[in-house]
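So the structure is just underneath, and the comments pick up after that.
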Amino acid sequence: MSLIFVNYRTGDGEATATLVERELSRSFGSENVFKASKSIGAGHRYPREIIRAVRRSSVLLAVIGRDWMDARDADGQVALEKPDDWTRREILEAFETGVLVIPLLVDGAERLSPEKLPEALGELADCQYRRLNHRNAETDLARLTDDLISLVPDLATAAQATGYAQPQRELYGPETPSTEQAGEARVRAHVIKHRQRGGIGNLNGDFSGTFVSEPQGPVHTGSGHLYQAHEQQLAPRFSGDGMGVNYVAGDNSGTMRQQSSEVERRADKDR
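Take any residue in the sequence shown, count from 1 to its spot, add 12: that is its number in our numbering.
Structure follows, in structure tokens:
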């Protein structure tokens, strides 16, 4: 029993269908991904094997390229209009048996509309689709894989068996926590939009202030004066007299000193 059925049209999205089948087979196991040219053995009856595979699947991925809608058969007729067209038959069989159908639009293929589809396939335009662009193939395939894991419990189990690890997601903004969640997570980074090494950001919660990632020299984030010397320190050192003077040095290329105005006035008196 294959959990994923890859539906495609020869000559339109065929290479993409092969890519999708290979990547999903890595994530879920080859036995869980059906593609006719791979999964039907020599001597087996093609029509019976195709229909059986669709009925036993949990998801049908309809790979749709730019020419999918207007593809013609040998007689010059629109292929999708013909009842014996296998691309059409597989999708209709999925609808009739309750298989989840996901249109996969490839490299700029237009979003489906009921007006342009044969009446029998009008339901396909209502199905939430995904896109696959070859320039962004890795990310798009990862998203598709994650979608399948969340939609089909058996695929989540299959992914665990193959050792598939879901990639870390980029965070685009905070979620609004409930009261209970707020009590458990008291410190939260509110905006992370890049993965650049180094930099300065803000942290809010029970602790608030500024964090500095991977500083390469003296850094000053408060008020007061900043002094930098060029001597090389061999060990970190911190000193202060409790009156607003702080002197910090380490094995960086300089030092930092912050002085309050009160200490400066006392120093002027002593001169």
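Glycine included, C-beta positions come from ideal geometry on N, C-alpha and C. Here the structure is a predicted model, which is why all the values come from computation and not from measurement.
Item to complete: Could you round the C-beta distance between Arg-142 and Ile-114 to whole angstroms and report it? I think they count as a contact, below 8 Å.
Response: Numbered from 1 along the sequence shown, position 130 holds the residue referred to as residue 142. Numbered from 1 along the sequence shown, position 102 holds the residue referred to as residue 114. Right, their Cβ atoms sit about 6 Å apart.
Practice prompt. Specify whether the segment 75 to 86 and the segment 35 to 55 touch according to this definition: at least 3 beta carbon pairs, one from each stretch, less than 8 Å apart.
Written response: Judged by Cβ distances under 8 Å, the segment 75 to 86 makes no contact with the segment 35 to 55, as fewer than three pairs qualify.
Discussion item. Below 8 Å, how does it come out for the segment 128 to 138 and the segment 49 to 59: are there three or more Cβ pairs, yes or no?
Written reply: Result no; under three Cβ-Cβ pairs closer than 8 Å.
Worksheet item: Which same chain residues, not among the five before or five after Gly-25, have their C-beta less than 6 Å away from its C-beta?
Response: In the sequence shown, residue 25 corresponds to position 13, counting from 1. Around Gly-25: Val-75, Gly-77 and Val-118.
Worksheet item: Given Ser-69, which residues of its chain have a CB within under 7 Å of its CB, disregarding the five upstream and five downstream residues?
Response: The count along the sequence shown starts at 1 and reaches residue 69 at position 57. So the list reads Ser-14, Leu-15, Ile-16, Phe-17, Phe-46 and Val-111, once near-sequence residues are dropped.
Item to complete: Could you tell me the distance, in whole angstroms, from the CA atom of Gly-23 to the CA atom of Gln-89?
Response: As a first step, residue 23 is located in the sequence shown; it is residue number 11 there, counting from the start. As a first step, residue 89 is located in the sequence shown; it is residue number 77 there, counting from the start. Looking at the two C-alpha atoms, the distance is approximately 15 Å.
Practice prompt. Look up Ala-29 in the DSSP assignment and say whether it is helix, strand or coil.
Written response: For the purposes of this step, residue 29 is identified with residue 17 of the sequence shown, where counting begins at 1. Here Ala-29 sits in helix by DSSP.
Worksheet entry | In DSSP terms, what Arg-21 is bridged to | Locating residue 21 in the sequence shown gives position 9, counting from the first residue. In DSSP, Arg-21 forms a bridge with Asp-24.
Worksheet item: Whole-angstrom Cβ separation of Gln-178 and Asp-158, contact assumed at under 8 Å?
Response: Along the sequence shown, read from residue 1 onward, the residue named residue 178 stands at position 166. Along the sequence shown, read from residue 1 onward, the residue named residue 158 stands at position 146. Confirmed, Cβ separation roughly 6 Å.
Fill in: Exposed unless 16 or more other CB atoms sit within 10 angstroms - verdict on Ala-27
For the purposes of this step, residue 27 is taken as residue 15 along the sequence shown, with counting starting at 1. Counting of Cβ neighbours within 10 angstroms places Ala-27 among the exposed residues, the total staying below 16.
Practice prompt. Can you tell me which of Glu-150, Leu-163 and Arg-64 puts its alpha carbon nearest to the alpha carbon of Glu-35?
Written response: Taking the first residue of the sequence shown as position 1, residue 35 is located at position 23. Glu-35 has its Cα closest to that of Glu-150, out of Glu-150, Leu-163 and Arg-64.
Discussion item. Using 8 Å as the threshold, is the C-beta distance between Ser-39 and Ala-168 below it?
Written reply: Locating residue 39 in the sequence shown gives position 27, counting from the first residue. Locating residue 168 in the sequence shown gives position 156, counting from the first residue. Cβ atoms of Ser-39 and Ala-168: not closer than 8 Å.
Discussion item. Considering just the uninterrupted stretch of the beta strand (DSSP E) at Pro-115, what are its terminal residues?
Written reply: By one-based count along the sequence shown, residue 115 stands at place 103. Looking at the DSSP string, the run of the beta strand (DSSP E) that includes Pro-115 is 112 to 118.
Discussion item. Using a Cβ-Cβ cutoff of less than 6 Å, which residues in the same chain neighbour Ala-106 once the five nearest sequence positions on both sides are dropped?
Written reply: Against the sequence shown, residue 106 aligns to sequence position 94. Sequence-distant Cβ neighbours of Ala-106 in its own chain, meaning closer than 6 Å and more than five residues away, are Val-66, Leu-72 and Val-113.
Discussion item. Restricting to Cα atoms, I'd like to know which of Leu-124, Ser-125, Ile-63 and Ala-121 is closest to Asp-96.
Written reply: Residue numbering aside, residue 96 sits at position 84 when the sequence shown is read from its first letter. Out of Leu-124, Ser-125, Ile-63 and Ala-121, Ile-63 has the C-alpha closest to the C-alpha of Asp-96.
Item to complete: Assign Ile-19 to buried or exposed, taking buried as 16 or more other Cβ atoms, counted over all protein chains shown, within 10 Å of its Cβ.
Response: Position 7 of the sequence shown, counted from the first residue, corresponds to residue 19. Going by the sequence as given, residue 19 is Asn instead of Ile. Buried, because 16 or more other Cβ atoms sit within 10 Å of the Cβ of Asn-19.
Item to complete: Starting from the C-beta of Glu-93, find all residues in its chain whose C-beta is less than 7 Å away, skip the five residues before and the five after it, and write them out in chain order.
Response: Mapped onto the sequence shown, residue 93 falls at position 81. Within the same chain, Pro-130 come within 7 Å of Glu-93 by CB-CB distance, once the 5 residues on both sides are set aside.
Worksheet item: Which residues mark the beginning and the end of the alpha helix (DSSP H) in which Val-66 is found?
Response: To locate residue 66, count along the sequence shown from 1; it is residue 54. Where Val-66 is concerned, the enclosing alpha helix (DSSP H) stretches over 58 to 68.
Discussion item. Given this structure, state the Cα-to-Cα distance separating Thr-99 from Glu-108, to the nearest angstrom.
Written reply: Sequence index remark: in the sequence shown, residue 99 carries index 87 (1-based). Sequence index remark: in the sequence shown, residue 108 carries index 96 (1-based). Rounded to whole angstroms, Thr-99 to Glu-108 spans 15 Å at the Cα level.
Practice prompt. From the DSSP output, in three-state form, read off Arg-34 for me.
Written response: The sequence position of residue 34 within the sequence shown is 22, counting from 1. Under the three-state reduction of DSSP, Arg-34 is assigned to helix.
Worksheet item: Going straight from the alpha carbon of Arg-123 to that of Asp-166, what length do you get?
Response: Here residue 123 refers to the residue found at position 111 of the sequence shown. Here residue 166 refers to the residue found at position 154 of the sequence shown. Going from the Cα of Arg-123 to the Cα of Asp-166 covers about 29 Å.
Discussion item. I'd like the list of long-range same chain contacts for Cys-139, defined as Cβ closer than 6 Å, with 5 residues on each side in sequence excluded.
Written reply: Here residue 139 corresponds to residue number 127 of the sequence shown, with the count starting at 1. Same-chain partners within the cutoff: Val-113 and Pro-115.
Practice prompt. Report the three-state DSSP secondary structure of Ala-149 (helix, strand or coil).
Written response: The residue given as residue 149 occupies position 137 in the sequence shown. Correct three-state label for Ala-149: helix.
Discussion item. Please return the same chain residues whose Cβ sits closer than 7 Å to the Cβ of Trp-80, not counting the five positions on each side in sequence.
Written reply: The residue you call residue 80 lines up with position 68 of the sequence shown. Around Trp-80: Arg-21, Asp-24, Gly-25 and Ala-121.
Fill in: Chain-order list of residues whose beta-carbon lies under 7 Å from that of Ala-137 (same chain, five-residue window excluded)
Here residue 137 is taken as the residue at index 125 of the sequence shown, counted from 1. Counting only Cβ-Cβ distances below 7 Å, and skipping sequence neighbours, we find Leu-124, Ser-125, Pro-126 and Leu-129.
Worksheet item: Mapping DSSP to helix, strand and coil, what is Val-72?
Response: As a working note, residue 72 is residue 60 in the sequence shown. The sequence given here has Leu at residue 72, not Val. Secondary structure of Leu-72 (DSSP, three-state): strand.
Worksheet item: Does the Cβ of Leu-163 have 16 or more other Cβ atoms within 10 Å, making it buried, or fewer, making it exposed?
Response: Residue numbering aside, residue 163 sits at position 151 when the sequence shown is read from its first letter. Exposed, since its Cβ has fewer than 16 Cβ neighbours within 10 Å.
Worksheet item: Quick one: Cα of Ala-173 to Cα of His-146, how far?
Response: As a first step, residue 173 must be located in the sequence shown, where it is residue number 161. As a first step, residue 146 must be located in the sequence shown, where it is residue number 134. Straight-line Cα distance between these residues: approximately 28 Å.
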